[in-house]
Amino acid sequence: MIAFVARRLALVVPVLLGLSLLLFVWLRLLPGDPARALLGERATQEGIDRVNHLYGFDRSLPEQFLLFLGRLARGDLGSSIRTGQSVVDSFLERFPATVELAVAGLGLAVVAGIPLGYLAARRRGGPLDHLSVGASLLGVVVPVFFLAYLLKYVFAIRLGWLPTAGRQDVRLDATHPTGLYVLDGVLTGEWDAAWDALRHLILPAMALGAIPLAIIVRITRASVLEVMNEDFVRTARAKGLTRAVIRRRHVMRNALLPVSTTIGLQAGALLAGAVLTETVFALNGVGEFLFTAVNHLDYPVLQGFVLFIAVIYAIVNLLVDVSYAVIDPRARQR
Amino acid sequence: MSPTTTRIRRLIAVAGATGLALAITSCSSERGTQKTAAGGDKAGTFVFAAASEPVALDPAFVADSESTRVANQIFEGLVSIKPGTAEPAPGLATSWSQTDDGLNYTFQLRKGVKFSDGTPFDAEAVCFNFERWYNWNGPLQAENISNLYQLVFAGFKTSDNPALTKSIYKSCAAEGDAVTITLTRPYGSLIPALAISSFAMQSPAALKQYKADDPGASGDVRRNEYSSAHPTGTGPYLFESWEKGQRLTLRANPGYWGGKPKIDKIVVRIIPDGTARLQALQSGEIDGYDLVAPADVQGLSGAGFQVLPREPLNILYLGMNQADPLLADIRVRKAIAHALDKQAIVSQTLPAGTKPAEQFIPPPVNGYADSVATYDHDPAKAKKLLEEAGAVGKTVTFNYPTGTSRPYMPSPEDTFVAIRTQLEAVGLKVNAVPEKWSPEYLERIKAKTDHGLYLLGGTGIMNSADTFLGIFFGRKTVEWGFEDKKLFESVAAARSARNLTEQGEKYATVSKELMDLLPGIPVAHPVPSLALSPRISGYVTSPLAAEVWNNLQIKG
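Protein chains in written order, with our numbering: chain A, 49 to 382; chain B, 449 to 1004.
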């Protein structure tokens, strides 16, 4: 197992290098001049030239790329050309918000999606099946931001149950040792702060979790249906095993394999969805910052953040593969 | 009991638990409201949503509106703005006078004022600030760091860049309770310029202690210790804390010379998305936000929120690039001017209260001319002019930006559609070229010669035609595509007028000339507005968006 993980981790390095190069070239192919985006509509050409010189954008592309790699080797990803803040710092500052959101969104999708998919399969053709399939179809087609505005309108503005934006009531003075606000509240024993952070998390998690939830319901349903028709299930039943044992050991264990792959793939979609969700809910996470960076052509931020996200994506997929090995002993030999 | 029944029961239990959770949530939120109503800690807090994080708290280094908004609460300049107007008024200086040659300005300073760190505000402190700006060098001379200082004072004591060596500022002399600023050459806009928050007075002790001009560990002067944690001024509020990306907290300054503000605490939080700001106001999480989308104005006022318009200090114009041979013909430009129905453009695409523009500067600005050549909506005359120019049926390129909403240009796509229809009605064909605002569109207009008609404009940073005519027409630019030495010289002469009266007269002449030359067509002065919760009173909007929140009150 350790060798397996090490091999997979070693593979990540060339992938990241390739990605850096691709991203580097692609960013510079985008039309526009970051200095102009920075200085706005009243900038003079001289001012723009000076800023370009300051950030080295007037050097040749290979030269810029080598400089970038040199700094990367020293763990320096440069600073934002818009705010001057170091890319590593701004990522670390915002990452907890994104983790909290992604865990909540994916958690909601998994916790609700697997049972719903299973129930839909067991009651195939029944009203619950139709409802969950229909709802999951809706979950996939409704754009994240639309769902977000709608949820806010209903639960925050009409009903007044939940807040519309932010991670915590700004009038609360809470301490944040980890940056994961719900956990912080629990760790410091500030229960009202934890509860407030949780309330702020519900709607974003629903908006972000909608698509993964829908997909997990459908995959679980299909997978359970398929496994239930397998010969070994019939054999198990013929052996006289109880329904509970068949369900746990034979059906679910096999049916969950494709589901866990899907969850891994959803992690990528989740990070993409986080850009919109964080922006609409003002969560100040990685995604929201990335959104601003795209609008300002903030090369160092874009380059650094995408690299970080790629690393996280690689790690999540590695975890999925490891979970595979846990669920399915056959995968360990590969 | 069959397994199926158990499962359904479990499902019901889950649904029930979810419902319960939401119900508890709703109770707790009601509890929160009661606490507020009972006069708890929330009552004295004004929560304002900013569209983006302030770049820095040292006002000398920033020009963005969110940084400026915060700086206006912490800092004050020698000159302030009379509330509700764009007029310069006494600030930390109670009065001022100037010599006839326009080279020496003497300011009488307000007595008994202290910076929030307890050090006195005096003549030495004023000179310290002027000398600080003047002596900046190296990276501090970058356009994105000292943008406004360069715009106003034109240069530094020393610079590697020859363009930045011709400073207008020469020296500062402290004489008891007065300060005399000496200039190298006359500059007519000095008084309105000193009301810009970049030129606010900062505590010399704090600037030195926290090394305000040193990049520090962050490597950027805008994020150093002074600028992110110790901004020290004389204003009605004190800096308390700044959790990046979440909130910035200010406290009432108990020692403020104008009396302690009525609100104890201000929280500025960051909500980048416009719809999210609207929803946060509707749900009561924030007390206000700026730049309400025109489409939301009616809904908000209908629901009892305050939507306060600002007198516009801006201009939206239709530029006509004379590098395009078709538009180089004055007859074609005049025909386009007669083809436009500005009133229709305003009523169809711009916020309520907006007035059509006749000049490139808005009416409150010093230098607005009494009368200029006007071009009434007259399609017949437009057609005749096009015929004379042999331009009937010709295709004109029309560049416009997408995905942006500027205070002076809230919905460029709609404005484009309205104008295109009017141009086609007089027999021109329109080749529409939409581009993303930043940087593609700006690049097309400011750096490339292949644009035709285009939409652009600007918002004034001070009550001076410098920030309109001076920036637009001070020299040859790719944007307008024409060279007119006489015009550029008139602008330079107006900029270096000896006093405001003389400057007003000179700019009025320039404004008149411009409407004969017709490099573009002033379209409108769109009205920006600000939304506030009904519980806030005492908010007076300023055309310069330079509102100080010391007179705000929270009801109930």
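We put the beta carbon where it would ideally sit given N, CA and C, even for glycine. A quick note: this is a predicted structure, and the numbers were derived from the prediction, not measured.
What residues are listed by DSSP as bridge partners for B:W544?
In the second sequence, counting from the first residue as 1, residue 544 of chain B sits at position 96. Its beta-bridge partners are B:F555.
Alpha carbon to alpha carbon, how far is A:V307 from A:V370? Give it in angstroms, no decimals.
Along the first sequence, one-based indexing puts residue 370 of chain A at 322. Along the first sequence, one-based indexing puts residue 307 of chain A at 259. So the alpha carbons of these two residues sit roughly 14 Å apart.
Any beta-carbon of chain A closer than 8 Å to the one on B:S646?
By one-based count along the second sequence, residue 646 of chain B stands at place 198. B:S646 does not count as touching chain A.
Name, going along the chain, the residues of the region 762-789 of chain B whose beta-carbon falls closer than 7 Å to a beta-carbon of chain A.
Within the region 762-789 of chain B, no residue has its Cβ closer than 7 Å to any Cβ of chain A.
Note down, in chain order, each residue of its chain lying with its Cβ closer than 6 Å to the Cβ of B:A626, except the 5 sequence neighbours on either side.
Start at 1 with the first residue of the second sequence, and residue 626 of chain B comes out as number 178. The answer, listed in chain order, is T554 and Q556.
Listing by chain order, which chain B residues have their CB less than 9 Å from the CB of A:L350?
Counting from one through the first sequence, the residue named residue 350 of chain A turns up at place 302. The premise fails here: A:L350 is roughly 14 Å from chain B at the closest Cβ pair, so nothing lies under 9 Å.
As an exercise, report each continuous beta strand (DSSP E) stretch of at least 3 residues that is fully enclosed by the region 580-656 of chain B, in chain order.
617-623 and 626-631
For B:F494, which residues does DSSP report across the bridge?
Mapped onto the second sequence, residue 494 of chain B falls at position 46. B:F494 is bridged to B:I714.
To the nearest angstrom, report how far apart B:I593 and B:R670 are at their CA atoms.
For this step, residue 593 of chain B is matched to residue 145 along the second sequence. For this step, residue 670 of chain B is matched to residue 222 along the second sequence. In a straight line, the C-alpha of B:I593 is about 8 Å away from that of B:R670.
Please check if any C-beta of chain A sits within less than 8 Å of the C-beta of B:E733.
The residue given as residue 733 of chain B occupies position 285 in the second sequence. Taking Cβ atoms only, chain A reaches closer than 8 Å to B:E733, which makes this a yes.
State the beta-bridge partners of B:F687 as determined by DSSP.
The residue labelled residue 687 of chain B in the question sits at position 239 within the second sequence. According to DSSP, B:F687 bridges with B:L698.
Against chain A, does B:E931 count as a neighbour if the rule is that its beta carbon must be under 8 Å from one of theirs?
As a first step, residue 931 of chain B is located in the second sequence; it is residue number 483 there, counting from the start. Cβ-Cβ to chain A under 8 Å: no for B:E931.
Between B:L833 and the rest of its own chain, which residues show a CB-CB distance below 6 Å, the 5 nearest in sequence each way excluded?
Numbered from 1 along the second sequence, position 385 holds the residue referred to as residue 833 of chain B. Closer than 6 Å at Cβ, skipping near neighbours: R779, K782 and A783.
What did DSSP end up calling B:H899 once you bin it into helix, strand or coil?
The residue labelled residue 899 of chain B in the question sits at position 451 within the second sequence. Note: B:H899 maps to coil in three-state DSSP.
Output the distance between the C-alpha atoms of B:G986 and B:T533, rounded to the nearest integer angstrom.
As a first step, residue 986 of chain B is located in the second sequence; it is residue number 538 there, counting from the start. As a first step, residue 533 of chain B is located in the second sequence; it is residue number 85 there, counting from the start. Each residue's alpha carbon lies about 15 Å from the other.
Could you name the residues of the region 94-122 of chain A whose beta carbon sits closer than 7 Å to any beta carbon of chain E, in the order they occur along the chain?
Protein chains A and B are contained in the structure displayed, whereas chain E is not.
In chain order, what are the residue ranges of uninterrupted beta strand (DSSP E) at least 3 long that sit wholly in the region 762-826 of chain B?
762-768
Between which two residues does the beta strand (DSSP E) harbouring B:L978 extend?
The residue labelled residue 978 of chain B in the question sits at position 530 within the second sequence. Note, B:L978: beta strand (DSSP E), S977 to L980.
Give the residues of chain B in contact with A:T327, contact being defined as C-beta atoms less than 7 Å apart.
Along the first sequence, read from residue 1 onward, the residue named residue 327 of chain A stands at position 279. Within chain B, the residues near A:T327 are P720 and D721.
Run down chain A in chain order and give the residues with a C-beta less than 8 Å from the C-beta of B:Q694.
Taking the first residue of the second sequence as position 1, residue 694 of chain B is located at position 246. Under the 8 Å cutoff, chain A gives G214, R215, Q216, V218 and N332.
Would you give the residue range spanned by the beta strand (DSSP E) that B:L756 belongs to?
By one-based count along the second sequence, residue 756 of chain B stands at place 308. Per DSSP, B:L756 belongs to the beta strand (DSSP E) from Q754 to P757.
At what residues does the alpha helix (DSSP H) containing B:H678 begin and finish?
Translated into positions along the second sequence, residue 678 of chain B becomes position 230. Run containing B:H678: none; DSSP gives neither H nor E here.
Taking 8 Å as the cut-off, does the region 324-333 of chain A touch the region 64-72 of chain A (at least 3 CB pairs, one atom from each stretch)?
no
Tell me which residues of the region 159-186 of chain A have at least one Cβ-Cβ distance to chain B shorter than 7 Å, keeping chain order.
The region 159-186 of chain A vs chain B, Cβ under 7 Å: L167.
Starting from A:D177 and walking both ways along the alpha helix (DSSP H), at which residues does that stretch end?
To locate residue 177 of chain A, count along the first sequence from 1; it is residue 129. Judged by DSSP secondary structure, A:D177 falls within the alpha helix (DSSP H) whose first and last residues are P175 to V189.
When you compare only the Cα positions, how much space is there between B:Y816 and B:P974?
The count along the second sequence starts at 1 and reaches residue 816 of chain B at position 368. The count along the second sequence starts at 1 and reaches residue 974 of chain B at position 526. Looking at the backbone, the Cα of B:Y816 and that of B:P974 are separated by about 17 Å.
Run through the region 49-100 of chain A for me and flag every whole beta strand (DSSP E) of 3 or more residues, listed as ranges in chain order.
none
So with Cβ pairs under 8 Å, would you call B:P811 a contact of chain A?
Numbered from 1 along the second sequence, position 363 holds the residue referred to as residue 811 of chain B. No, B:P811 does not count as interfacial toward chain A.
Nearest by alpha-carbon distance to B:N911: which of B:I719, B:R699, B:E535 and B:V740 is it?
In the second sequence, the residue the question calls residue 911 of chain B occupies position 463. Cα-wise, what sits closest to B:N911 is B:E535.
Look at A:V354 and A:L71 and say whether their C-beta atoms are less than 8 Å apart.
The sequence position of residue 354 of chain A within the first sequence is 306, counting from 1. The sequence position of residue 71 of chain A within the first sequence is 23, counting from 1. Result yes, Cβ atoms of A:V354 and A:L71 sit closer than 8 Å.
Nearest-angstrom Cα distance between A:Y361 and A:W74?
Along the first sequence, one-based indexing puts residue 361 of chain A at 313. Along the first sequence, one-based indexing puts residue 74 of chain A at 26. The straight-line gap from Cα to Cα measures roughly 20 Å.
Between the Cα of A:Y39 and those of B:A837, B:T852, B:V755 and B:Q727, spot the shortest distance and give me the residue it belongs to.
Summary: the structure shown does not reach residue 39 of chain A, with chain A confined to residues 49 through 382, and so no result is reported for it.
For B:T1007, report the span of its alpha helix (DSSP H) as first-last.
Absent from the model: residue 1007 of chain B. The displayed extent of chain B is 449 to 1004, so no value can be given.
Are the C-beta of B:N911 and some C-beta of chain A separated by less than 8 Å?
As a working note, residue 911 of chain B is residue 463 in the second sequence. Closer than 8 Å: no.
Could you have a look at A:R247 and say whether DSSP puts it in helix, strand or coil?
Locating residue 247 of chain A in the first sequence gives position 199, counting from the first residue. Of the three classes helix, strand and coil, the one that applies to A:R247 here is helix, per DSSP.
Does the region 337-347 of chain A touch the region 288-296 of chain A, meaning 3 or more C-beta pairs lie closer than 8 Å?
no
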